[in-house]
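My numbering applies: residue 4 is where the sequence shown begins, and numbers increase by one.
Cβ coordinates follow ideal geometry from the N, Cα and C atoms, glycine included.
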Amino acid sequence: MKAEINPMMIRRPTSEETKPQGWLSRHAQGHVAAWLGGVALTAAFASAAYALAMLPGFSRVGPMAIALIAAVLFRQFAGYPAFLRPGIQFSSKQLLRLAIILFGLKLNKMVLLEQGAGLLLQAAATILFSALFTLLLARKLKADMPLSLLLCIGTGICGAAAIAAVSPILKARGEDTAASVGLVALVGTIAALAYTALLPLLPLTAAQYGIWTGISLHEIAHVALAAEPAGQDAVALALLAKLSRVFLLVPVSFILMAIMNRRRHREMAANAQEMKARPEFPWFLLGFIALSLFGSMTAGTTLAPSADALSNISTLTTILLTMAMVGLGLNVNLRELRSRALRPLLAMTITSVLLSLLSLLFIMWR
4 MKAEINPMMI RRPTSEETKP QGWLSRHAQG HVAAWLGGVA LTAAFASAAY
54 ALAMLPGFSR VGPMAIALIA AVLFRQFAGY PAFLRPGIQF SSKQLLRLAI
104 ILFGLKLNKM VLLEQGAGLL LQAAATILFS ALFTLLLARK LKADMPLSLL
154 LCIGTGICGA AAIAAVSPIL KARGEDTAAS VGLVALVGTI AALAYTALLP
204 LLPLTAAQYG IWTGISLHEI AHVALAAEPA GQDAVALALL AKLSRVFLLV
254 PVSFILMAIM NRRRHREMAA NAQEMKARPE FPWFLLGFIA LSLFGSMTAG
304 TTLAPSADAL SNISTLTTIL LTMAMVGLGL NVNLRELRSR ALRPLLAMTI
354 TSVLLSLLSL LFIMWR
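Have a look at this one:
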């Protein structure tokens, strides 16, 4: 006798089980589309800024500053759909780290150590002076200290690249990172134009002028802009002096890591559970070091990247940094930032002027 089957006992497949396998769900597809849309938005801004920076006049500002300013203004007056935020955050964080890694190829440690060992001492003095004096002024002015710290690092080392490198270590807010990049770009651009105007009036040789620009100006682009009127020899020495400051980015970053780790341990000493959560290690710095060592050790060999390859990588690095600046700029709230940025800007400007004057006097009298 056959057993009867109760229809109520038959398990029907769920809607999830009847979906075609191997295809993303609608929710996942929507998430990917939103992510791609956010990245595409930053790429569109970056492309426009890169094209605009090639025009006369705008080339003095640079694509990163143009993109950052445009993104900040777009956020304030138009805004963007919230669902694009994941892609925008990806550009402002992951692409930023990738750009810093690629930036390592620009730093040839061997050339720097062989030809510019003396510049390392000047670079160390520049960084130390910028950090201590900016923070001292910020304390006296009762300025926002996290923003002031980012500004002193950007002023002392290499502008936006240094700020981008240390922001994850310092756990800086996105809007503070964007604001500090914009302020350093603004002050550095004005300073570079002032240097070119002062060049005919200064009692400096082309070599002295090149070293002065490399030691005292903020961004590599600012250094190249200011040194170019003095000739190719001045540009070469200026970039060498500037790279001596970039060289110190890694040790400064690890020093900041040690300081932040000690601070976190003190703050969390009373909470054993939180002590288990270690701060994120900035792995991108290892990539920066690795590419820097690769470029340094393979220079002049068959393994060395060609000039065209290095030029393309340099362009890619600039584009990635520009996309990152767009992502940061789209997260800036000017209304909240305006009340906090004025005093740190004043501290950085005073430090920049004093740094220029002191380094000029040192170069003239040594």
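(request) Output the distance between the C-alpha atoms of LEU105 and THR320, rounded to the nearest integer angstrom. (result) Cα to Cα, the separation comes out at about 6 Å.
(request) Measure from the alpha carbon of VAL329 to the alpha carbon of each residue in ALA43, ALA49, GLY40, then state which is nearest. (result) It is ALA49.
(request) Assign ALA233 to one of two classes, buried (16 or more other C-beta atoms within 10 Å of its C-beta) or exposed (fewer than that). (result) Looking at its Cβ environment, which holds 16 or more other Cβ atoms inside 10 Å, ALA233 is buried.
(request) Taking all protein chains shown into account, decide if ILE193 is buried (16 or more other Cβ within 10 angstroms of its Cβ) or exposed. (result) Burial call: exposed.
(message) Considering Cα atoms alone, identify which of ALA126, ALA350, ALA209, LEU252 is closest to LEU150.
(response) Ranking ALA126, ALA350, ALA209, LEU252 by Cα distance to LEU150 puts ALA350 first.
(request) Helix, strand or coil for CYS155, going by three-state DSSP, please let me know. (result) Looking at CYS155 - three-state DSSP - the assignment turns out to be helix.
(message) Tell me the DSSP secondary structure of ASN334 in three-state form.
(response) In the displayed model, ASN334 falls within coil according to three-state DSSP, outside both helix and strand.
(request) Using three-state DSSP, classify ASP236 as helix, strand or coil. (result) ASP236: helix per DSSP, three-state reduction.
(message) I need the boundaries of the alpha helix (DSSP H) containing GLY191, first residue and last residue.
(response) Bounds of the alpha helix (DSSP H) holding GLY191 are 177-201.
(request) Express the C-alpha separation of LEU101 and LEU289 in angstroms, rounding to a whole number. (result) Cα-Cα distance, rounded: 11 Å.
(request) Compare the C-alpha of ALA127 against each of SER362, LEU240, GLY303, TRP368 and name the closest. (result) The option with the nearest alpha carbon to ALA127 is SER362.
(message) Please classify ALA197 as buried or exposed, where buried requires at least 16 neighbouring CB atoms within 10 angstroms.
(response) Looking at its Cβ environment, which holds fewer than 16 other Cβ atoms inside 10 Å, ALA197 is exposed.
(request) From the DSSP output, in three-state form, read off SER309 for me. (result) If DSSP states are grouped into helix, strand and coil, SER309 belongs with coil.
(request) Look at the alpha carbon of THR352 and the alpha carbon of ILE166, and state the distance between them as a whole number of angstroms. (result) Cα to Cα, THR352 sits roughly 17 Å from ILE166.
(request) Tell me whether GLY162 sits in a helix, a strand or coil according to DSSP, three-state version. (result) Of the three classes helix, strand and coil, the one that applies to GLY162 here is coil, per DSSP.
(message) Three Cβ pairs or more, each shorter than 8 Å: is that satisfied between the segment 177-190 and the segment 67-74?
(response) Under the three-pair Cβ rule at 8 Å, the segment 177-190 counts as touching the segment 67-74.
(request) Measuring alpha carbon to alpha carbon, tell me which of ALA200, LEU98, ILE223, ALA210 ends up nearest LEU331. (result) Closest by alpha carbon: LEU98.
(request) Assuming GLU222 contacts CYS155 (C-beta within less than 8 Å), just tell me the rounded distance between them. (result) Cβ atoms of GLU222 and CYS155 stay farther apart than 8 Å, at about 15 Å.
(request) Classify PRO149 as helix, strand or coil using the three-state DSSP reduction. (result) Residue state for PRO149 is assigned as helix, using DSSP reduced to three classes.
(request) Would you mind stating whether ALA312 and LEU252 have Cβ atoms separated by less than 8 Å? (result) No, Cβ-Cβ distance for ALA312 and LEU252 is not below 8 Å.
(message) Rounded to whole angstroms, what is the Cα-Cα separation between LEU87 and LEU140?
(response) Taking the straight line from one Cα to the other gives about 39 Å.
(message) Suppose you measure from the CA of ALA210 to the CA of GLY40; what does that come to, to the nearest Å?
(response) Approximately 48 Å, taken between the alpha carbons.
(request) Would you identify the three-state DSSP class for LYS96, choosing helix, strand or coil? (result) Residue state, collapsed to three classes: helix.
(request) Measure the CB-CB distance between ARG248 and ILE366 and report whether it falls below 8 Å. (result) ILE366 sits away from ARG248, with the two beta carbons spaced by 8 Å or more.
(message) Using only CA atoms, which one of LEU242, LEU207, ASN334, ALA229 lies nearest to ALA181?
(response) Of the listed residues, the one whose Cα sits closest to ALA181 is ASN334.
(request) Would you mind sorting ALA54 into buried or exposed? The rule is 16 or more other CB atoms within 10 Å of its CB. (result) Result: exposed.
(request) Report yes if the C-beta distance between ALA241 and ALA230 is below 8 Å; otherwise report no. (result) Taking 8 Å as the Cβ cut-off, ALA241 and ALA230 qualify as a contacting pair.
(request) Could you pull the start and end residues of the alpha helix (DSSP H) that TYR83 belongs to? (result) TYR83 -> no alpha helix (DSSP H), and no H or E assigned at all.
(request) Output the boundary residues of the alpha helix (DSSP H) element that contains SER219. (result) Residues 209-219.
(request) Select from ALA43, LEU205, ILE72 the residue whose C-alpha is nearest the C-alpha of PRO89. (result) Nearest C-alpha to PRO89: ALA43.
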